[in-house]
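A short worksheet on the structure shown next.
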Amino acid sequence: MYGNGMTGAPASRISDFLVPKASFFRWLDSLRESFSVVGPVAEEDRTVFREIASADELHMEYASTMLSPGKVYLYSPREDLFRISFGKDLTIEEPPRSPVQRIIAGIHACDTHAVFYLDRTFLGAFRDPLYENRRSNTMLIALNCSAASRNCFCSSMGAGPFLKAEKGYDMLLTDLEDAYLVEIRTERCRVLFNADATQSADAEVFRRKEEKERSALRTFTKTINTDGLDRALRENPEHPVWGRTADERCLSCANCVMVCPTCFCHDVVDELSMDMKTVRRYREWDACQDARFAEVHGGNFRARRTARLRQFVTHKLDQTHQYGVFGTVGCGRCITWCPTGIDLTEMAKAIQTRKA
Amino acid sequence: MTRPRLGFFKFSCCAGCEFQTFYFQKHPAETLAAFEIVFAKMVLRGGAPEGPFDLALVEGTITEAWQADELKKIRKSSALLFAIGACAVNGGIPALKALAPELEVEGKVYKNLSPIHSIRPHPVDAYIQVDGYIRGCPPGERDLHEALTSVLAQKKPGFLRCAVCVECKLKGNICILTAYGMPCMGPVTNAGCDALCPTCKRPCYSCFGLMKQANAPALAKKFRSLGLSESDIRRKFTLFDADAALFSKADKLNED
Chain V
120 MYGNGMTGAP ASRISDFLVP KASFFRWLDS LRESFSVVGP VAEEDRTVFR EIASADELHM
180 EYASTMLSPG KVYLYSPRED LFRISFGKDL TIEEPPRSPV QRIIAGIHAC DTHAVFYLDR
240 TFLGAFRDPL YENRRSNTML IALNCSAASR NCFCSSMGAG PFLKAEKGYD MLLTDLEDAY
300 LVEIRTERCR VLFNADATQS ADAEVFRRKE EKERSALRTF TKTINTDGLD RALRENPEHP
360 VWGRTADERC LSCANCVMVC PTCFCHDVVD ELSMDMKTVR RYREWDACQD ARFAEVHGGN
420 FRARRTARLR QFVTHKLDQT HQYGVFGTVG CGRCITWCPT GIDLTEMAKA IQTRKA
Chain Y
131 MTRPRLGFFK FSCCAGCEFQ TFYFQKHPAE TLAAFEIVFA KMVLRGGAPE GPFDLALVEG
191 TITEAWQADE LKKIRKSSAL LFAIGACAVN GGIPALKALA PELEVEGKVY KNLSPIHSIR
251 PHPVDAYIQV DGYIRGCPPG ERDLHEALTS VLAQKKPGFL RCAVCVECKL KGNICILTAY
311 GMPCMGPVTN AGCDALCPTC KRPCYSCFGL MKQANAPALA KKFRSLGLSE SDIRRKFTLF
371 DADAALFSKA DKLNED
């Protein structure tokens, strides 16, 4: 188990290999017998994470997906919690834990960090049994990024483009043209790994890795200065950028929240049967941009659009007191998928430079 | 247990909401079993339109004076009254005539206007207080089910109030507005349809009506940047919401 993402078994570096790509994908294909293998697949002109029927389907050079694999396959957009039946006695039936053993292959550094963030929520003070079950039944094969997309700012957040964490996932890939540098992080993955034509990675291979990282870092166009950022946001709740962006551009559509890989809020919904004999209780992603979200008895503490927009942005760029880290991993999805292109890094800059 | 007495009333509309309630939703048999149908023209001959009712469902826009009188009577004889469908909730298609002067609209359809007693179209809550809104054209399965079971359980219904975008993302649909530049009304439209059109890669045309927190001017600006003309944009915002859109001109942010 991975604890809250901060603890867990000490992950010593077990083995590092140089593996020809063809050989790596043959190995991945062989795992489909006992695992549901999920990876980036090109569909029309977009890439989505879904279960693959062959490693040939994988599109490992993808830029970014609309939804992060962690949020879809470890968390879940919608899932049943339990069913209550009112008969002679009241019975509560939980759905059986999914026995699926899964591998998520090709998850980027930012999205791996986002999983660590979800771990802090769902495996923290309260351990969510559904999340915990999937997290322990899922192996993560992370992939270092060769180039940044237009809205990536993970390098500013310390969450990419190369993954520096050494635990909390199972394997790390670095693309070295015709081969992958494979760094195995867990015992369960070491036991499983038997790709052919592998050779152990020597210092030269790691030199090539460093070179790749330097070249990836040069591709970033978006940055954010995190120095004193949380304080700057906290001290400027009435900065005009909030109201102006809310009035002129924010649609309250919640796309930013829904595509955010670290947004963890969900609503719990009861669905009563028409014969009033059973209740299905399920949860589904919820969004703070929905006016109803902060509605409580007697009022709504974020009735204004400005307050809701500020809630999202400050949860990503302030509120470091919650888990000791920023809520953003710098994936840039909220910018890419905002219909009006609201950019939280630009809002932060306006506040940091005290510009109205 | 006594079954709640249900009345279903229709004003200017296609009667699709009554069909949806009694025939097309997933639980028609359960609905007929759970409620005592006192008045509903599609399922019951005759009936007692005078009530009393535990729940009245009212579909259709109010477009004639007699309808407003009828509606007030129904309100008085009903413990709970829900507006059902785009016409009753937002004005819907019949409210399109709100975009032109009454006489001009009537003249386009009728040669002899002497038997026409049409009035400005309004959703039902312009005339009476409404206890709940079951949105959609036709109403979405989830809100309809929530409304009916809430009455049975005597609780406040939890209707969806977020944007269609939320339902799209729950399904993992690639956003057709940001990815493909289709003029989708999803970001300002109340959810409840399970993102039916965007799932089929068709832009939402807002048949569920503007959600309460919608920022219509901001989306209109986006549409302008996609190359839509002012009249195209106006048509998009007034197809189902003509009555409300006139209001939102004055109250640009249309928020609480």
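Chains V and Y, in that order, give the protein sequences. Here the numbering used here = 1-based position in the first sequence + 119. Here the numbering used here = 1-based position in the second sequence + 130. For every residue, glycine included, the Cβ atom is placed at its ideal position computed from N, Cα and C.
Can you tell me whether residue i is buried or exposed, with buried defined as 16 or more other CB within 10 angstroms of its CB?
| i | result |
| --- | --- |
| M172(Y) | exposed |
| I214(Y) | buried |
| Q318(V) | exposed |
| K366(Y) | buried |
| K301(Y) | exposed |
| T340(V) | exposed |
| M395(V) | exposed |
| D273(Y) | buried |
| E302(V) | buried |
| N242(Y) | exposed |
| A233(V) | buried |
| D381(Y) | Annotation note: pLDDT 47 at D381(Y) (below 50); position unreliable, coordinate value reported separately. Per the 10 Å Cβ criterion, exposed. |
| K331(Y) | exposed |
| S208(Y) | buried |
| D362(Y) | exposed |
| D315(V) | exposed |
| R135(Y) | buried |
| N313(V) | exposed |
| K238(Y) | exposed |
| D238(V) | buried |
| V310(V) | exposed |
Check the DSSP bridge columns for residue i and list the partner residues they point to.
| i | result |
| --- | --- |
| R202(V) | E212(V), R399(V) |
| I264(Y) | I214(Y) |
| K286(V) | K286(V) is not bridged to any residue. |
| K140(Y) | E189(Y) |
| Q318(V) | L137(V) |
| D386(V) | E403(V) |
| Y299(V) | V138(V), D294(V) |
| P245(Y) | According to DSSP, P245(Y) bridges with nothing at all. |
| A164(Y) | None, per the DSSP bridge assignment. |
| A170(Y) | F138(Y) |
| H252(Y) | I192(Y) |
| R246(V) | L242(V) |
Quick one, which of the options has its alpha-carbon nearest residue i's?
| i | options | result |
| --- | --- | --- |
| L340(Y) | S355(Y), L358(Y), C314(Y), G357(Y) | C314(Y) |
| A325(Y) | P269(Y), R365(Y), E234(Y), D371(Y) | P269(Y) |
| C384(V) | L391(V), G449(V), V376(V) | V376(V) |
| G451(V) | T342(V), L242(V), D208(V) | T342(V) |
| T364(V) | N313(V), A335(V), F431(V), A182(V) | F431(V) |
| D184(Y) | D199(Y), L282(Y), A350(Y), A216(Y) | L282(Y) |
| P280(V) | A182(V), V360(V), V156(V) | A182(V) |
| K468(V) | D135(V), R427(V), N344(V) | N344(V) |
| G181(Y) | I167(Y), E194(Y), I192(Y), A228(Y) | I167(Y) |
| C119(Y) | A346(Y), R265(Y), I304(Y) | It is not possible to answer for residue 119(Y), since the shown part of chain Y is limited to 131 through 386. |
| R250(Y) | E271(Y), S142(Y), I304(Y), P328(Y) | S142(Y) |
| M179(V) | H227(V), T210(V), F272(V), E212(V) | H227(V) |
Check for me: the alpha helix (DSSP H) holding residue i runs from which residue to which?
| i | result |
| --- | --- |
| K206(Y) | 195-206 |
| M341(Y) | M341(Y) -> no alpha helix (DSSP H), and no H or E assigned at all. |
| H358(V) | Neither: H358(V) is in no alpha helix (DSSP H) and is coded neither H nor E. |
| P442(V) | Note on identity: in this sequence residue 442(V) is Tyr, with Pro being the wrong assignment. 439-442 is the extent of the alpha helix (DSSP H) around Y442(V). |
| R365(Y) | 360-368 |
| P317(Y) | Here P317(Y) belongs to no alpha helix (DSSP H), and DSSP marks it neither H nor E. |
| H275(Y) | 271-283 |
| P159(V) | It is not in any alpha helix (DSSP H) - P159(V) instead sits in the beta strand (DSSP E) that spans 155-162. |
| L233(Y) | 232-239 |
| T433(V) | 424-436 |
| S275(V) | 273-276 |
State the start and end residues of the unbroken beta strand (DSSP E) segment that holds residue i.
| i | result |
| --- | --- |
| R221(V) | 221-227 |
| L262(V) | 257-262 |
| R165(V) | 165-170 |
| I470(V) | No beta strand (DSSP E) contains I470(V), which is instead part of the alpha helix (DSSP H) from 463-471. |
| E297(Y) | First-last for E297(Y): 294-301, but that is the alpha helix (DSSP H), not the beta strand (DSSP E). |
* To do: Could you tell me whether the stretch 452-471 of chain V touches the stretch 357-369 of chain V, where touching means 3 or more Cβ pairs closer than 8 Å?
  => Taking a cut-off of 8 Å on C-beta distances, the stretch 452-471 of chain V touches the stretch 357-369 of chain V, as three or more cross pairs fall below it.
* Count the C-beta pairs between the stretch 331-349 of chain V and the stretch 434-442 of chain V that are closer than 8 Å, then say yes if the count reaches three, no if not. => At 8 Å Cβ cutoff, the stretches touch.
* To do: Take every Cβ of the stretch 178-197 of chain Y, pair it with every Cβ of the stretch 212-227 of chain Y, and state whether three or more of those distances are shorter than 8 Å.
  => Look at the beta carbons and you see the stretch 178-197 of chain Y touching the stretch 212-227 of chain Y: at least three pairs across the two are nearer than 8 Å.
* Examine the Cβ distances between the stretch 264-274 of chain V and the stretch 216-225 of chain V and report whether three or more of them are shorter than 8 Å. => Judged by Cβ distances under 8 Å, the stretch 264-274 of chain V makes no contact with the stretch 216-225 of chain V, as fewer than three pairs qualify.
* Are the stretch 140-153 of chain V and the stretch 172-190 of chain V touching, with three or more C-beta to C-beta distances below 8 Å? -> The stretch 140-153 of chain V and the stretch 172-190 of chain V touch, with no fewer than 3 CB-CB distances between them shorter than 8 Å.
* Does the count of Cβ pairs from the stretch 279-294 of chain V and the stretch 249-261 of chain V closer than 8 Å reach three? -> Touching, yes, given that three or more Cβ pairs across the two stretches are closer than 8 Å.
* In chain order, what residues of the stretch 448-472 of chain V put their CB closer than 8 Å to some CB of chain A? -> The displayed structure is made up of protein chains V and Y, and chain A is not among them.
* For the 8 Å Cβ check, are there 3 or more pairs between the stretch 198-207 of chain Y and the stretch 150-159 of chain Y? -> Contact fails: fewer than three Cβ-Cβ distances are below 8 Å.
* the stretch 160-167 of chain V contacting the stretch 318-331 of chain V, beta-carbon criterion three pairs below 8 Å -> These segments do not touch.
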